[in-house]
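Protein chains in written order, with the working numbering: chain P, 4 to 788; chain B, 8 to 162.
Given below as structure tokens:
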């Protein structure tokens, strides 16, 4: 028997990716194709008093210029993707994005007009010819000021900038607080960053009038919902719309936003003009028009017993949803729920206000609100530990949920609308493992030695949980073809997660075939038409489980058909090396390919009650998301004069249940840590008080490079999830969730002589320098350095 | 964006005032001006061509209104400029005082800058604003000197 799950065979997709034979949307070139470019708002908040496109239309090569008025009934606000959870007393005000701004713009970069031309160059040139008469309005940028009674209102129909107000409670915080020996109360800030996927967004569409079929190539993470929505909006059958999400150069969340204006407009205009149309986002547009995360302000309080045990947490926070809120409350609900982490929190009161601002819309970006909650909780623990004279690891050790409490439920609703549910976990050993790797005994000695040399090194150790693998469902179809090769189709989009390999491993193990003979196709609605998408670290868990179920069903067909063909009973046959054979008699066997032919005869009768072929489709929907967890330890060196921080070591001990492919998991963790380090110290979208983004290019928006991100030292722990047959949990976001918290603790640890308390992320050398100056009287730092 | 500073013109205040209110002089002194003409009521309309660092030089429509004139001491310029790369709008207050050696001009502009030029050119905006201001003041100085030279002969 082949054993593939838990091994790391070479990735099936790498040959195509490395030899330039992988299709990305921008590779799509079609006969007669036109190109789109967008006039975008320069203002954060303004009325549109008129648009004059006549000069643009007169430019040679320009085929059409479209404004909201030209869209007729097709102009509709986008759908609410995720309705608010059924939480008692919830307030939710919906205002979703529109295809083209009609009478008002609400953030810089919002599309106002679309130019279609024979080439992108011509289209871009024509943008300058479109004259938009704006009447600037006072912009809304500050989260608290936005809710003041006299604040300008972004969506007049709502009469308020409040997007949502949610209160969730687990037991009685006020009662828990009464017995506290220590109460910590702080304000924490978390500011915006970009997903910065390597590939920007891209949409190409072709209407084939003879076939009456629309084909859309889209960098989406959710091709099936895009197909369904486009069919509805365009008045077509779902079967008339094919959406292909081919290879995509990074998703990280923003590509599951639906529907971006460009995604709605490009197919529509392709049908209208009867010519293919393509739009490829440039990096500038990406900074303004692709969704972002993650401004929040938390006012948090934690009550502790004298021994450091958490008695309760109370948190009030503001969440910036940007100009629109089509993604509902996923991000702030994730913050609210993930704050609790791997800890035994007897009482919790969490209340948030989501606020509209004149900034780019916020939807999940890798981590999707979880890092905010983790930052708040981990910082509260660090502050309490200092007050109580405990080491950071000790206060965590004292508060972990014990391994015998699972499944553990909190009385608050998670993003999947079910009570927050921890299916399984074993947290304390991960902490010990991380401390062992980082060298708990030697580190303090090293730190002292470094200090004597005038170097400041410090360590941060933090924990997190990650709700992953939520429903509703995914599906897969597994087919053994007459060539003996196996084909797997699933509805997810793939953005570099190694689906072609991980899903193949699952199927190859069930069918006992070579993994490179299993061909996976994802993200083409013609191949598979049911499913939701790639988000919430769920692809491997949910689609992987569906692949497993479908492979088991095919295995059953192989056994039944094989037994019939070989003239024995089903319990006398076995699968081996791509054949079915009589157990104990290797001379009586048949290769899968021939068996597939036998299962699809040209003559004779198909046995009643059976289906032709060796093919099966299966679906999987878990009752709950599975809860992954981990511990990150980080060693940094801080230069107190320049406030530059170098990450010397980064250790991740994580538990995503059973591993399908350890190398892919390691890649996910390494990449996540890179995102996390960027978020902690390099990346920040800086808006001025008028809602103008100040650093909309990679000259000014710093991404960490390979020089800034060490090779992560990793250990895997496997606490199998009981919620799916393979025991899987997701790992896509684990690397970036606790990084800010680790960074803050490590910096404080490196500078123990300073009264430094980091309560904000992202930091930057500049900002840290300011904090260091504020933490000590002038001159003290030079003396210490 | 705040642009402020001062500059001393080597000439009497009334001459400097007349210079600053002269449409032809302004058109000459405005950096990158392609055309600039007075439409009435102290409003100038025109086109300028300016680039900011990585933002390629592009044409901007320009609308400047002079108001609140207190001759020869102070006035306010209202600036509204837009183009494919964004916009700049705001007001500049100009004060003229008599000082030793001539007339001191103090200027304070509070401008909002939006769109691509704000997103990409941010770190260069201050420098560019300073450079453009210097170009404009140099041109005004030159014009003043030639007036002063021509002045005695003509009066």
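Even for Gly, the Cβ is constructed at its ideal location relative to N, Cα and C. Computed from a predicted model, the values in this text were never measured in an experiment.
A distance of 8 Å or more separates the beta carbons of residue 697/P and residue 116/B. DSSP, read as helix, strand or coil, puts residue 28/B in coil.
At a cut-off of 8 Å between beta carbons, residue 687/P makes no contact with chain B. Per DSSP, the continuous beta strand (DSSP E) segment holding residue 99/B begins and ends at 93-106. Less than 8 Å separates the beta-carbon of residue 495/P from that of residue 542/P. Per DSSP, residue 219/P is one residue of the beta strand (DSSP E) stretching across 216-221. For the stretch 107-171 of chain P, the full-length alpha helix (DSSP H) segments reaching 4 residues or more read 123-130 along the chain. Look at the stretch 80-91 of chain B: the residues with a C-beta under 8 Å from a C-beta of chain P are 89, 90, 91. Collapsing the DSSP output to three states places residue 411/P in a strand.
Considered as a whole, the stretch 748-774 of chain P harbours no complete run of any alpha helix (DSSP H) with no fewer than 4 residues.
Taken in chain order, the complete beta strand (DSSP E) segments of 3 or more residues contained in the stretch 478-502 of chain P are 489-493. In terms of beta-carbon proximity, residue 657/P stays away from the interface with chain B, with every pair separated by 8 Å or more. If you draw a 10 Å sphere on the C-beta of residue 498/P, you find 16 or more other C-beta atoms in it, and that means buried.
The beta-bridge partner set that DSSP reports for residue 725/P is empty. In the structure shown, the three-state DSSP call for residue 289/P is helix. DSSP, read as helix, strand or coil, puts residue 271/P in helix. Taking all protein chains shown into account, residue 769/P has fewer than 16 neighbouring C-beta atoms within 10 Å of its C-beta and is therefore exposed. Collapsing the DSSP output to three states places residue 659/P in coil.
Residue 58/B is outside the set of residues whose beta carbon lies under 8 Å from a beta carbon in chain P.
About 5 Å separates the beta carbon of residue 269/P from that of residue 280/P, a gap short enough to meet the 8 Å contact definition.
Setting aside the 5 residues that flank it on each side, residue 437/P is surrounded in the same chain by 634, 636, 654, 656, each with a C-beta closer than 6 Å to its C-beta; the list follows chain order. Taking 8 Å as the cut-off, the Cβ atoms of residue 46/P and residue 111/P count as close. Residues of the stretch 111-125 of chain B whose Cβ lies closer than 8 Å to any Cβ of chain P, in chain order: 119, 120, 121, 122, 123, 125.
By the CB criterion at 8 Å, residue 523/P and residue 506/P fall inside the cutoff. If only complete runs of 3 or more residues are kept, the stretch 541-624 of chain P shows the beta strand (DSSP E) at 576-579, 582-585, 588-594, 617-623, in order along the chain. Judged by beta-carbon spacing, residue 726/P lies within the 8 Å limit of residue 426/P, meaning their Cβ atoms are closer than that value. Among the bridge pairs identified by DSSP, residue 205/P is matched with 283/P.
For residue 354/P, the enclosing beta strand (DSSP E) stretches over residues 351-359. Here the alpha carbon of residue 336/P sits roughly 13 Å from the alpha carbon of residue 352/P. A distance of 8 Å or more separates the beta carbons of residue 83/B and residue 96/B. Residue contact with chain P for residue 93/B: present (Cβ-Cβ distance below 8 Å to some residue of chain P). In the structure shown, residue 457/P falls within a coil segment according to DSSP collapsed to helix, strand and coil. Considering only beta carbons, no part of the stretch 163-187 of chain P lies closer than 7 Å to chain B. Under the three-pair Cβ rule at 8 Å, the stretch 227-240 of chain P does not count as touching the stretch 45-65 of chain P.
In this structure residue 593/P is buried. Its beta-carbon is surrounded by 16 or more other beta-carbon atoms within 10 angstroms. If only uninterrupted beta strand (DSSP E) runs of at least 3 residues are considered, those enclosed by the stretch 308-381 of chain P are 313-325, 351-359.
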